[in-house]
Every structure is written in structure tokens, then in C-alpha cells.
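Novice: Position one of the sequence shown corresponds to residue 1 (the working numbering), numbered consecutively onward. My questions all concern the structure below.
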Amino acid sequence: MTARDDRRLTNENVGDVICCHGGLELAGKTFLGNLGVVVSWRREMLDLGMEGFVSYHDGVPRGFVEYMPAEAAPFPIEAPGAAVLLCYHWVSAIRDDETDHLAQERRLVRRAIEAASGHFAGIATLGWDHPVHFPIPLLEELGFEVVERTDYIALMWRPFKRRTTRPRLAPADFVPQDLSAQGLLAIESASSSRCPYSVHNAAKLEAALAGLPEDGRARVRHFPHRVDTHDEAVRWGLRPWNWEWAFVNGEELPIHRMKAGELRELVARKAKQPQ
């Protein structure tokens, strides 16, 4: 029988979160960028009230769950007196065992709900229309309800007290720049230190821009943004919301799906096109 041990998230064990440098989520994968920011960001969030658990099986960290007060949480969620479920993930001992993966994530989210219920009016989060990435059905099984939905993202809510005010998403007022009238290529991008994949994609974009021919680079104006805090999540808010995105003169770029070479070729091609 395996020994499972869920420990409170602290400054001492935050480096055991599986998405941090050396964690199981990163094992066998190649990443660009400084992944040290992933654990540094979590230390900053702990100072702002983040709580959670790191889950160990036979002494090996395999999962985690995080939540914090809505007022400080790096999501555009307005929910005074409530908590926000930030992130949760599990890496199974058997690769691609989604049954175990979802069962363990369900267990971890339940732990967070139980821990938060005595201190907050309720707990809000963002669910995704995705079978394994923050799936809406999993959250509904745990008592969350959909408050509002935009495309693949749903604001979800689980109240702990009666007569609580339902959360809402902050207005999304940000509009990516379009400099085509000036003969320039405006590239606006957002990334977050919370996620190693986002750090990688931001570095991938920077490398693609650095690899442009000189005449192409002269036409590019890059405006990178960080989405690491609550204020930044609101300031750079789009619908559907995400902490990572990229636009080229107002046209969305699927940066998370593109390899470095594909990204470089696409930007180079657009830099050559007459505006």
C-alpha cells in the first residue's frame, strides 16, 4: 500500500510543487526561460495569503492545490470575503492514467474546499471546457455552479454561507494595439510566472523576435505584459480570460500551440507583409 501524505503549503516545501523546477510535471521536458520564477512567484503569493497543500506518495511530491483571498488572487474575480481556487495538479505514477489523475485532483480540490470553508464566505474559480485541464464537470461534482461563461471559460462558485453575494468577473477593457496604419507590427503578449509553460512560451516568443532579420526587427514593436497579480489580471483582461496570450496587430496568435520555428516563421512572414 502506498503512503499518502498531504502537507500544508509553506515556504519550506513550496519548492516541492510539481510545476516548479525539478518537479514531476517538468520531468523529461525541455523548457526555455528562467523557471526559477515559478517558485519565486509562489513565495510572493504565500506572503499575500495563499494557502494549500502539497501531496506526497511514498515521499515523492505528486500533486498540489492552492487557494487564496479573492482580493489578492491573480485572477480577475471580484468576490469580497471569498477565496479563489488558483491551481491544482497531479502527476500519476502511471503515465497517462487519467482515471487516477482526475480522482487525485478531485481529492485535492475537496481538501482545499474543506480548509477554506471555515474562513471564507465561499470559494470561486475558473473552470475550463476541457476534459483534464480544470474541467467544469469535475468542479460541478464538488458543488461548484457556473455563474457566467465566455467561450471555454466559466466563472464558478461554491458558497459556504447563506445569502452570500455571487462573484463576478471584472470588466475586460484591454484592447491589443494595431500599428498597421504606421507600417509597424505591434506584438502584444502576456505571460505569467505561475506556470512553467507560460514562462517557456514567453521565452519562445522573445527568441523568435530576436531571430528576425534586421529589417524585420525594425518594424516590430513588442509590448510584453506580466499577469502575476490581481491588478495585472484585471488590467490585461480579455474575454475569454487567460494569463497567457499574444496578438499581432490585433490578431490573436496561438502561441501555446506553436513550436519555436513555426512562431519565428510566422512573425517573419508578417514582418515582410505590407501594412
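Ideal Cβ positions, reconstructed from N, Cα and C, are used throughout, including at glycine. What you are looking at is a predicted structure, and each value in this text was computed from that prediction instead of being measured.
Consult DSSP for M45 and reduce its assignment to one of helix, strand or coil.
Specialist: In this structure, M45 counts as helix in the three-state DSSP scheme.
Novice: Pull up the DSSP beta-bridge partners for Y88, would you.
Specialist: Answer is V65.
Novice: Rounded to the nearest angstrom, how far is the Cβ of M68 from that of A83, given a contact under 8 Å?
Specialist: About 7 Å separates the two Cβ atoms, so the contact holds.
Novice: Roughly how many angstroms separate the alpha carbons of M1 and H57, rounded to a whole number?
Specialist: Reliability of the predicted coordinates at M1 is poor, the pLDDT of 40 falling under 50, and no value is obtained from them.
Novice: Please report the distance separating the alpha-carbon of E66 from that of R149.
Specialist: Each residue's alpha carbon lies about 23 Å from the other.
Novice: Please list the terminal residues of the continuous beta strand (DSSP E) segment that includes H222.
Specialist: Per DSSP, H222 belongs to the beta strand (DSSP E) from V220 to R226.
Novice: From the DSSP secondary-structure annotation, give me the bridge partner or partners of F247.
Specialist: Answer is E188 and E252, bridged to F247.
Novice: Can you tell me where the alpha helix (DSSP H) holding H200 begins and where it ends?
Specialist: Unbroken alpha helix (DSSP H) run through H200: P196 to A210.
Novice: Can you check which of these residues, A246, I94 and A72, is closest to R221 by C-alpha distance?
Specialist: Here the closest residue by C-alpha is A246.
Novice: With a CB to CB cut of under 7 Å and the five nearest residues on each side skipped, what residues in its chain are close to A190?
Specialist: Correct list, in chain order: H225, V227, W236, W243, E244 and W245.
Novice: Quick check: what's the CA-CA separation for A93 versus K204?
Specialist: So the alpha carbons of these two residues sit roughly 30 Å apart.
Novice: Extract the residue ranges of the beta strand (DSSP E) inside the region 87-168, only unbroken runs of 3 or more that lie entirely within it.
Specialist: 122-128, 145-150 and 153-159, all fully within the region 87-168.
Novice: Just verifying my parser: in three-state terms, what is the DSSP assignment at S55?
Specialist: Here S55 sits in strand by DSSP.
Novice: Can you list, in chain order, the residues of its chain with a C-beta nearer than 7 Å to that of L253? Leave out the 5 residues immediately preceding and following it.
Specialist: So the qualifying residues of the chain are A246 and F247.
Novice: In the DSSP assignment, find the beta strand (DSSP E) that holds R239 and state where it starts and stops.
Specialist: Looking at the DSSP string, R239 is not in any beta strand (DSSP E), and its letter there is neither H nor E.
Novice: Since I255 and N201 should fall inside the 8 Å C-beta cutoff, what is the C-beta to C-beta distance between them, to a whole number of angstroms?
Specialist: Indeed they touch by this definition, with Cβ atoms about 5 Å apart.
Novice: Under 8 Å, with one C-beta from each stretch per pair, do the region 129-143 and the region 109-119 reach the 3-pair mark?
Specialist: Yes, they touch.
Novice: Return the residue from the list K270, L179, D231 and L169 that minimises the CA-CA distance to A208.
Specialist: The shortest C-alpha separation from A208 is found at K270.
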